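Encoded as structure tokens, the structure appears first; notes follow it.
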Amino acid sequence: MKKPTIIVVGNGMVGYKFCEKLVTRSSDFNIIVFGEEPRHAYDRVHLSEYFNGKSADDLSLSAFSWYEENGIKLHLGDPIQEINRLDKTVHSLAGITFKYDYLLLATGSAPFVPNIPGVEKDGVFVYRTIEDLELMKSYASTVKTGAVMGGGLLGLEAAKALMDLGITNTHVIEFAPRLMPRQIDSAGSIMLQSKLKELGLTIHLNKSTSHIGGEHKIDALHFNDESVLAIDMLVISAGIRPRDELAKLSGLQVGTRGGIMVNEKMQTSDEDIYAIGECALYEGMIYGLVAPGYEMADIVVNQLTNGSKMFYGYDMSTKLKLIGVDVASFGDAFITEPDCRTIVFEDTHKGVYKRINISTDGKQLLGGILIGDADAYNMLLQTVNNKIVLPPNPEDLILGSRGGAESEGAGVMSLPDEALICSCEAVNKGAICASVTDLGITTIDGMKKCTKAGTGCGGCVPLVKDLIAGTMKANGQYIKNIICEHFDYSRQELFDLVKIGQIKNYDVVLDHFGKGDGCEVCKPVVASILSGLWNELIVKQDTIQDSNDRFLANIQKGGSYSVVPRIPGGEITPDKLIVIGTVAKKYKLYTKITGGQRIDMFGAHVNDLPAIWEELIEAGFESGHAYGKSLRTVKSCVGSTWCRFGLHDSVTFAIEIEERYKGIRSPHKLKGGVSGCVRECAEAQAKDFGIIATEKGWNLYVCGNGGSKPQHAQLLATDIDNNTLIKYLDRFLMFYIKTADPLTRTATWLNKMDGGMSYLKNVVVNDSLGICTQLEEEMQTLINTYHCEWKEVIDSPALRKRFTHFVNAPEEKDPAMQFETMREQLKAKW
Amino acid sequence: MEITTTQIDWILACYTDDVPVNGGACVKLKDEQIAIFNFTRRGEWYATQNLCPHKQQMVLSRGMIGSTGENCEPKVACPFHKNTFSLSNGNCLTNDELFIKTYPVKAIDGKIYIGFNH
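Sequence lines, in order, name chains A and B.
Each residue of the first sequence is one higher than the one before, counting from 1 in my numbering.
Each residue of the second sequence is one higher than the one before, counting from 1001 in my numbering.
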């Protein structure tokens, strides 16, 4: 029997989800997809991350090859123009005609552009597709002031996009008297406004635009109250309009205000034609979120495979991070007294607003609003959806249990098995717990692969983590992230314990917090913690240092060492170059330029190290800490001093930064870079911290990495001045030093961090943990206690004595070390 | 029944303060490179060959010492690739194919003596 053909019109998120669900459930259909956009389905929810370092590929929902692998024919850049319902055929723009048995319309929506005079002017944009973003990006380079029309969810996302583009003076214009009128109340809006104001956004409420000024391109917004706002760029985000024109043309029933009318089976007025997502109108409502769209996709797949699942509306609760501020709205957020009782918590100091509405008998949670801190969202939503009976003090739900003994994780496990945890993928608690118990899944990545939970909006990830941990605990298999068999603590925990105990010696740390005699794992970890806290001379406890730190040089093949003096920013005088040449020649050292703009001298006997350093220090050099888990080098381009493109003096700034953080020990090595313009010759985005000059200041990127798993650094702050940048760097580095696991580079640290970049940004820029002053002070202590380790050694006869190979024949060098000639230099033979 | 006794020659290797606390140092005796470990935490001394058999590097004396397991087996980690060897019997704890030679060692009056079989 011939397989029935289903044609999918639209390759957005919901159209893609339909295909994904259908191929996993049945192989009995020919699937043909037509997409209007030139690229295959991508994540529109996280669109603004496109300006934050993510590429179009990163945003893709699948590999391009996925369609072919699953037997799906994909026609991109080719919208369907006409449906012939009598012949059951569709005709595309490219002139292709196909016969269908079933047709699925997933045409999505288009930005609604109000009919204001002047919307056609240059510099007026909408915000929906990657193409829109690319247009905005190329226009924004010269823009100083931008505005978004619309203070709803999408409008604020668009405002974030403008800020990410480097437009520091960004305005939001809203017609209603409050922001996000569909999600939050007036008090919540006031709190959100003040948070957004702190972040540099200017909010205008109760403003209706009369016309857009400018000759050919926009130069101002004129309002009905006769006020004027001069701007260079406008993004219109005044709502969405369902793409129902194809349906209308084919005679399908549409709503008076747009939208393709569907029934509970998602069938249109033609039973062989379905409509899902933002183009579908169910009982007079358009569902403009991704989760209900996915649910609709599931309904159609269910119908086609002889199921009987129906759509009866969808919970529109949402939680999101808007420009770094948590905003959530769930259940019935707007119900007011006397129909309910309302509990409100407001903290204008921290910018937190929480409101919950409970039933008049005090037994059920009906809904609520969270601004500034939405950690409780998942739990509250579950409480509403599962009609969980409230505790006697429901205020604990938003205030946390005060003085009580109950731990936070306990709440999650008390949910019923059918509680929906991941609403994007419809995964319930039972499925997640079963994956842990039956399949041994213990990581969030494993859970994503196994159940798809957390792969949609990602909002449920904390809840999924709690469930994994809770189930493991219930099964008696709780695993802790400990340092080694001698210490039952994570590095961060031990860091705090050592700090509180004011301990400065490894053996005392081991006596207090560990057991046994230690090992090659915990010794360097504790050494790193002690350095991060007290910054004492590491050779005082040389036998707990890792291989290279033990002799303040990098051990190389044959047991020889290499020597790297610091050359800050890669700038060096001819005289110093001559000194390096002279020293290398005298001690028969092989020289090579390193990847970090310094000079490495290889092949030194351990006995010679103090003498070599004595000569280098005499000439004004310092240790380069190439041997340490510490700052290596801050690479720089030539900068404005010589380069005709340079915007700022990148070399001077690189030197300043390298001098500031030199010698500070960290969980792993640290590298930095400063580029004088966007050409990025210093490759700063591949470094742990990268600084790139802009017209107005510097952009700061963090957590990049070269190495085996290269990763681009991500934008932490834009257009900041030198002092702000150094302040942020102090906080960032100290936060890393205190919290990262052993031997974890900043990139991996960030990848493992709950909440990722937005969390880090909140901690470092917005001081969400209230620890920034402390971080800055701690960093200042480390900076103040800097010493050149090699200078200390050469000045101390006792320390110098340790640099011998044979303690019973200090003058004798290791005879096992042999050298041979290669390209006019010596190399180790072994 | 024949009784064999092994005669051990004790040779002065170095002084106790030549070897860092909870660490190692290398001596040259009879043209052999020997790593001596001052396990201060346990009040014990150990001696092994200085050569790490993994990549034939003369470096074991520069390794970190410690212990492992229920019985606190004393061990040294090679600074090159972190293979660990038992200080009491020379067995490699991370690679069954490797082992190192151990030597008797004693500390008397601030002096360290290494024992060689006669």
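Ideal Cβ positions, reconstructed from N, Cα and C, are used throughout, including at glycine.
Small disclaimer: the values here were computed from a predicted structure and weren't measured.
For residue 81 of chain A, the enclosing beta strand (DSSP E) stretches over residues 80-84. Our two residues, residue 1025 of chain B and residue 622 of chain A, have alpha carbons roughly 27 Å apart in a direct line. Cβ contact annotation for residue 682 of chain A (same chain, cutoff 6 Å, sequence separation greater than five): 635, 636, 637, 673, 674, 675, in chain order. Residue contact with chain A for residue 1043 of chain B: absent (no Cβ-Cβ distance below 8 Å to any residue of chain A). Apart from sequence neighbours up to five positions away, the residues of its chain that approach residue 252 of chain A with a beta-carbon distance below 7 Å are 260, 268, 269, 270, 273, ordered along the chain. By the neighbour-count criterion, in which a residue is buried when 16 or more other Cβ atoms sit within 10 angstroms of its Cβ, residue 184 of chain A is buried. Scanning chain A for C-beta atoms nearer than 8 Å to the C-beta of residue 1082 of chain B yields 520, reported in chain order. Spanning the alpha carbons of residue 766 of chain A and residue 306 of chain A requires a straight line of approximately 52 Å.
Looking at the DSSP output, residue 590 of chain A shares a beta bridge with A:602. Annotation: Cβ neighbours of residue 806 of chain A in chain B (cutoff 7 Å, chain order): 1026, 1027, 1028. In this structure the segment 594-603 of chain A does not lie against the segment 795-814 of chain A, because fewer than three pairs of beta carbons, one per stretch, are closer than 8 Å. As a beta-bridge residue in DSSP terms, residue 171 of chain A pairs with A:147, A:202.
Annotation: Cβ neighbours of residue 523 of chain A in chain B (cutoff 8 Å, chain order): 1064, 1066. Residue 559 of chain A reaches chain B at 1057, 1058, 1059, counting residues in chain order whose Cβ is nearer than 7 Å. Restricting attention to A:775, A:737, A:752, A:718, the CA atom closest to the CA of residue 164 of chain A is found in A:718. 8 Å or more divides the Cβ of residue 23 of chain A from the Cβ of residue 73 of chain A. Taking a contact to require three or more Cβ pairs closer than 8 Å, the segment 722-737 of chain A and the segment 77-90 of chain A do not qualify as touching. Residue-level contact by beta carbon holds for residue 543 of chain A and chain B, with a gap shorter than 8 Å. Among the residues facing chain A, residue 1072 of chain B is included, as its CB has a counterpart in that chain under 8 Å away.
Here residue 601 of chain A has 563, 584, 589, 591 as same chain residues with Cβ atoms under 6 Å from its own Cβ, once five neighbours each way along the sequence are excluded. For residue 800 of chain A, not one C-beta of chain B is nearer than 8 Å to its own C-beta. With respect to chain B, the C-beta atom of residue 650 of chain A has no partner C-beta closer than 8 Å.
By the neighbour-count criterion, in which 16 or more other beta carbons inside 10 Å mark a residue as buried, residue 221 of chain A falls on the buried side. Taking 8 Å as the CB threshold, residue 493 of chain A stays off the interface with chain B. At least 8 Å separates the CB of residue 58 of chain A from every CB of chain B.
The closest CA to that of residue 568 of chain A, considering only A:646, A:620, A:353, A:756, is found on A:620. Per the coordinates, the alpha-carbon of residue 370 of chain A lies some 5 Å from the alpha-carbon of residue 328 of chain A. In this structure residue 609 of chain A is in contact with residue 803 of chain A, their Cβ atoms being roughly 5 Å apart against a cut-off of 8 Å. Not one beta carbon of chain B lies nearer than 8 Å to the beta carbon of residue 615 of chain A. If you look at residue 367 of chain A, you'll find it in the beta strand (DSSP E) that goes 365-371.
Counting along the chain, residue 383 of chain A sits inside the alpha helix (DSSP H) bounded by residues 377-385. Interface annotation for the segment 1004-1022 of chain B against chain A: 1012, 1013, 1014, 1015, 1018, 1019, 1020, 1021, 1022, criterion Cβ-Cβ distance under 9 Å. Boundaries of the beta strand (DSSP E) harbouring residue 341 of chain A: 341-347, taken from the DSSP string. Taking the beta carbon of residue 555 of chain A as reference, the chain B residues within 8 Å of it are 1059, 1062, 1079, 1080, listed in sequence order.
Restricting attention to A:752, A:15, A:745, A:721, the CA atom closest to the CA of residue 299 of chain A is found in A:15. The beta-carbon of residue 63 of chain A is placed no less than 8 Å from the nearest beta-carbon of chain B.
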